[in-house]
Each structure stands twice: as structure tokens, then as C-alpha cells.
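S.K.: Got a structure for you, written out below as C-alpha cells; questions coming shortly.
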Amino acid sequence: MIKNLHITTDSNFTIKPISAEETYAIRQPILRAGKPIDDCKFEGDTLESTFHLGLFFNDTLIGVASYMKNHHANFSEEYQYQLRGMAILKEYQKKGLGTLLIQAGKEELSNRKVDRLWFNARETAIQFYKNHGYIIEGKSFNIEGVGIHFLMTNK
Ligand SMILES: CC(C)(COP(=O)(O)OP(=O)(O)OC[C@H]1O[C@@H](n2cnc3c(N)ncnc32)[C@H](O)[C@@H]1OP(=O)(O)O)[C@@H](O)C(=O)NCCC(=O)NCCS
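Residue numbers (UniProt numbering): 1 to 155.
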């Protein structure tokens with residue numbers, strides 16, 4: 001239905017803050033397929049400093065991304081955030097929507113004057129993140145039950 005739409009100028013798409021609970025509807029099928037809902041709950045999800053962005057097509061939630069204040073030992077900056085649970089529903093992927101979501105996250109982090117963003121990226125999403133200027137730090141590692149990941153960061 002949304003094939004060939006000019007996503008970035010289409011006003012049917014909106015990004016707004018959502019709750020941790022709302023993210024599960026996307027996290028479960030895309031990031032934790034076949035696993036119980038409890039596996040979709042991340043540590044830090046409900047902290048005051050955490051924010052969750054939801055991407056809507058009209059009133060339907062189709063994508064999510066969560067940003068949590070979290071320090072990674074590889075980096076020295078005081079004010080660090082971790083991106084977690086970035087996912088777009090399968091039928092909406094590769095249409096530029098993940099781009100909208102990650103740009104919105106970048107903007108919010110900039111408003112909050114966050115010094116460092118980092119995340120553990122799935123192998124299959126590396127190119128997407130590279131396209132948005134993020135870089136790999138160090139070697140790949142395995143996350144039990146999820147697969148090969150790379151630590152990525154904004155600088
Ligand atoms: C990774 C993910 C969030 C990216 O979201 P997305 O909406 O697919 O992202 P975009 O459409 O903005 O960009 C993805 C690719 O589609 C391409 N693309 C964008 N618009 C396009 C269009 N209209 N037609 C064809 N291709 C297009 C982009 O060039 C990009 O190419 P890449 O393969 O080099 O990355 C999404 O694919 C996803 O949820 N994947 C599964 C879960 C996952 O791996 N999450 C990340 C965990 S670390």
C-alpha cells in the first residue's frame with residue numbers, strides 16, 4: 001500500500017514519544033520472534049531518562065526505537081546514551097522509514113546535549129547504521145539467542 005510513496009514528505013507518517021509497553025508490539029515480532037513477551041522488556045525501559053520513539057502510519061504503530069542513558073566502558077564521556085530495540089515492521093522496511101526514526105532520535109539526543117551514542121548493532125543492520133554516519137568500534141561479539149553484533153557509535 002505504501003510502495004512508492006515519497007515517505008519523507010508524506011504527512012501520514014508521524015514520530016512521537018511512546019511508552020515502553022507500546023514498543024513490545026514491534027519488538028516482539030521483529031526482534032524477539034517466537035519468544036515470550038517478557039523477552040521484549042529491557043532493563044532501563046521505564047527509567048525517567050529513557051525515551052521511546054514510535055513511528056506511526058496514520059494511527060498504526062509501525063516502528064520503534066528506544067534511547068537509554070547508559071555508560072559504556074569503552075567511552076570516556078560523562079553523558080552517554082544507548083540505542084536499543086530499533087525496529088520497523090517487516091512490510092514497511094526499506095522505504096526510508098528507519099531513516100526518519102534514527103534522525104528523530106539524533107535530534108532528541110542533540111537537544112539533550114548527549115555527548116556519546118552507542119549501541120550493539122546486529123550484523124544485518126550494520127550498513128543501515130553506517131549510512132547514517134555511525135562507526136564500528138572493535139570486534140564482533142555474540143549475544144546469546146540473538147546473534148552476531150558489533151558495538152557502534154556516533155564518533
Ligand atoms: C534496520 C532497520 C531498523 C532499518 O529500517 P528501514 O526502515 O528498513 O531503513 P531504511 O529504509 O531507512 O534504510 C534501509 C535500506 O533501505 C534502503 N531504502 C530506503 N528507501 C528505499 C526505497 N524507497 N526503496 C528501496 N530501498 C530503500 C536504504 O538505502 C537502506 O539501504 P541499506 O541496505 O544500505 O541499509 C529495519 O530494517 C529493521 O527493523 N530490521 C530488523 C530489525 C533490526 O535488525 N533492527 C536493528 C537492530 S540493531
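Ideal placement from N, C-alpha and C gives every residue a C-beta, glycine not left out.
#1: Suppose the cutoff is 8 Å on Cβ atoms and the five residues either side in sequence are ignored; what does the same chain contact list for H71 look like?
#2: Counting only runs of 3+ residues fully inside the UniProt domain "N-acetyltransferase" (13-155), write out the beta strand (DSSP E) ranges in chain order.
#3: Any contact of the region 26-41 with the region 87-103, i.e. 3+ C-beta pairs under 8 Å?
#4: Would you check if the region 135-155 and the region 110-122 touch, i.e. whether three or more CB-CB distances between them fall below 8 Å?
#5: Between the region 47-65 and the region 100-112, do three or more beta carbon pairs fall short of 8 Å?
#6: Please identify the residue among L47, S49, I26 whose C-alpha is closest to the C-alpha of C40.
#7: Excluding the five sequence neighbours on either side, which residues of its own chain have a C-beta within less than 8 Å of the C-beta of I15, listed in chain order?
#8: Can you check which of these residues, I135, R116, D38, F42, is closest to R84 by C-alpha distance?
#9: Within 10 angstroms of the Cβ of T60, are there 16 or more other Cβ atoms? Answer buried if so, exposed if not.
M.R.: Walking through what the data contain:
#1: For the purposes of this step, residue 71 is taken as residue 71 along the sequence shown, with counting starting at 1. If we look at H71 and ignore the five residues flanking it on each side, its Cβ neighbours are Q80.
#2: Fully enclosed beta strand (DSSP E) runs of 3 or longer: 13-18, 51-57, 60-69, 80-88, 116-122, 135-143, 147-153.
#3: They touch, by the three-pair rule.
#4: Segments in contact, yes.
#5: These segments touch.
#6: In the sequence shown, counting from the first residue as 1, residue 40 sits at position 40. Comparing Cα-Cα distances from C40 to each of L47, S49, I26, the minimum goes to I26.
#7: To locate residue 15, count along the sequence shown from 1; it is residue 15. L53, G54, L55, F56, L100, L101, A104.
#8: The residue given as residue 84 occupies position 84 in the sequence shown. The closest CA to that of R84, considering only I135, R116, D38, F42, is found on F42.
#9: Within the sequence shown, residue 60 is the residue found at index 60, counting from 1. Exposed is the call here.
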